[in-house]
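Asks: In the working numbering, the protein residues as written are 1006 to 1271. Heads up, the beta-carbon is just placed ideally off N, CA and C, and yes, glycines get one too. It should be emphasised that the depicted structure is a prediction, and the values quoted were computed from it without experimental measurement.
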Amino acid sequence: MPDYLDDLRLAHVLADAADAATTARFKALDLKVETKPDMTPVSEADKAAEELIRGHLQRARPRDAILGEEYGVEGTGPRRWVIDPIDGTKNYVRGVPVWATLIALTEAGEGGYQPVVGLVSAPALGRRWWAAKGHGAYTGRSLSTATRMHVSKVASLSDASFAYSSLSGWEERGTLNGFLDLTREVWRTRAYGDFWSYMMVAEGTVDLCAEPELSLWDMAATAIVVTEAGGTFTGLDGRPGPHSGNAAASNGLLHEELLGYLNERY
């Protein structure tokens, strides 16, 4: 089995470059922001960071394909990098420090492209998380100063911390009542949202989280970090991996209960 460590090192180089670009424009008074056709915001920093990452990849991995949120798919082949230049753009443009660059390497396999390397870098929080298939999940500022992560061992919903993003998506999906039932069963709830909820599941500080509507670039990096930390990452349909258009992540012990509540329709 490939060890992917060279690819992980490259992901750190890419993240370092992206961090420099995004932090330079964070809270800039002249930051340019547009609205995309799907009514979500995109800033000049999103575009610049993705262009920077693509340029590095084209030089370092010219045979690999690239999928990014802002510029789509480029190239073909069994290896494809998946990029979200700024996950949490709404936070970024409002000056909230909860945003990150997500970088994943996926490989073609059964069920589509599967993540084998994932890195989440949140420079405004001073945090970075990463994983490579078969090597575990880590947090730190560099490969040489890292702490291995593992999910929690909480086995009861009454003791569990549940993180989510917003309520509207559950209402649109028709499962708001099940979602609310879950919030009443768990110990505590917090709307951390975006990448941060999944990284806290990997760290063991949150026990379960879910979002009703996501894209592949929102999940590819976070999925492998959670699973390499010993957790479970699926769609709300229970399908493993980041391919269902939504996500549920947990320490594994509570996953079936999580899915049960979030699929209740009444």
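#1: Whose C-beta lies closer than 7 Å to the C-beta of Ala1054 among residues of the same chain, with five residues either side of it excluded?
#2: Check the C-beta distance from Val1125 over to Asp1212 and give it rounded, since I have them as a contact under 8 Å.
#3: For Pro1083 and Ala1225, I'd like the C-alpha separation in whole angstroms.
#4: Quick one: what's Phe1238 bridged to in DSSP?
#5: Identify which residue in Thr1194, Trp1086 and Gly1257 has its Cα closest to the Cα of Gly1060.
#6: Are the segment 1130-1149 and the segment 1162-1170 touching by the rule of at least three beta carbon pairs closer than 8 Å?
#7: I need the boundaries of the alpha helix (DSSP H) containing Trp1086, first residue and last residue.
#8: Closer than 6 Å by C-beta to Arg1030: which residues in its own chain qualify, once you throw out the five before and the five after it? Chain order, please.
#9: Would you please state the rounded distance, in angstroms, between the beta carbons of Asp1012 and Val1101? I believe it to be under 8 Å.
#10: Got a sec? Which residues, its chain only, sit under 8 Å from Gly1131 by beta carbon, not counting five neighbours each side?
#11: With a Cβ-Cβ cutoff of 8 Å, do Trp1134 and Thr1150 count as a contact?
#12: Pick out whichever of Leu1185, Gly1179 and Tyr1118 has its Cα sitting closest to the Cα of Gly1246.
#13: Extract the residue ranges of the alpha helix (DSSP H) inside the segment 1172-1210, only unbroken runs of 4 or more that lie entirely within it.
#14: Where does Val1231 sit, in a helix, a strand or coil, going by DSSP?
#15: Please confirm whether Val1231 and Tyr1203 have their CB atoms less than 8 Å apart.
#16: Where do the ends of the alpha helix (DSSP H) carrying Gly1116 lie?
#17: By DSSP, does Tyr1143 sit in helix, in strand, or in coil?
#18: What is the rounded straight-line gap between the Cα of Asp1008 and the Cα of Glu1177?
#19: What span of residues does the alpha helix (DSSP H) with Glu1262 cover, start to end?
#20: Select from Leu1263, His1260, Ser1220 and Asp1199 the residue whose C-alpha is nearest the C-alpha of Tyr1097.
#21: Helix, strand or coil for Arg1014? Go by DSSP, reduced to three states.
#22: DSSP beta-bridge partners for Glu1079?
#23: Would Pro1120 pass as a contact of Ala1016 if the rule is Cβ separation under 8 Å?
#24: According to DSSP, is Gly1060 part of a helix, a strand, or is it coil?
#25: Between Leu1072 and Leu1221, how many whole angstroms is the CB-CB distance? I'm expecting something under 8 Å.
#26: Taking 8 Å as the limit between beta carbons, can you name the residues of its chain near Asp1186, skipping five residues before and five after?
#27: Considering only DSSP beta bridges, list what Gly1123 is partnered with.
#28: Could you have a look at Thr1027 and say whether DSSP puts it in helix, strand or coil?
Replies: Walking through what the data contain:
#1: Ala1023, Ala1026, Thr1027, Pro1090, Ile1091 and Thr1106
#2: Val1125 to Asp1212, Cβ: 19 Å. No contact.
#3: 16 Å
#4: Ala1254
#5: Trp1086
#6: no
#7: Where Trp1086 is concerned, there is no enclosing alpha helix (DSSP H), although the beta strand (DSSP E) it sits in stretches over Arg1084 to Asp1092.
#8: Leu1036 and Ala1050
#9: Between Val1101 and Asp1012 the Cβ distance is about 31 Å, and since that is not below 8 Å, they are no contact.
#10: Arg1146
#11: no
#12: Tyr1118
#13: 1173-1178, 1181-1190 and 1199-1208
#14: helix
#15: yes
#16: From DSSP, Gly1116 is part of no alpha helix (DSSP H); its letter is neither H nor E.
#17: strand
#18: 41 Å
#19: His1260 to Leu1267
#20: Asp1199
#21: helix
#22: Ile1071
#23: no
#24: helix
#25: 7 Å
#26: Tyr1266 and Glu1269
#27: Ala1109 and Ala1136
#28: helix
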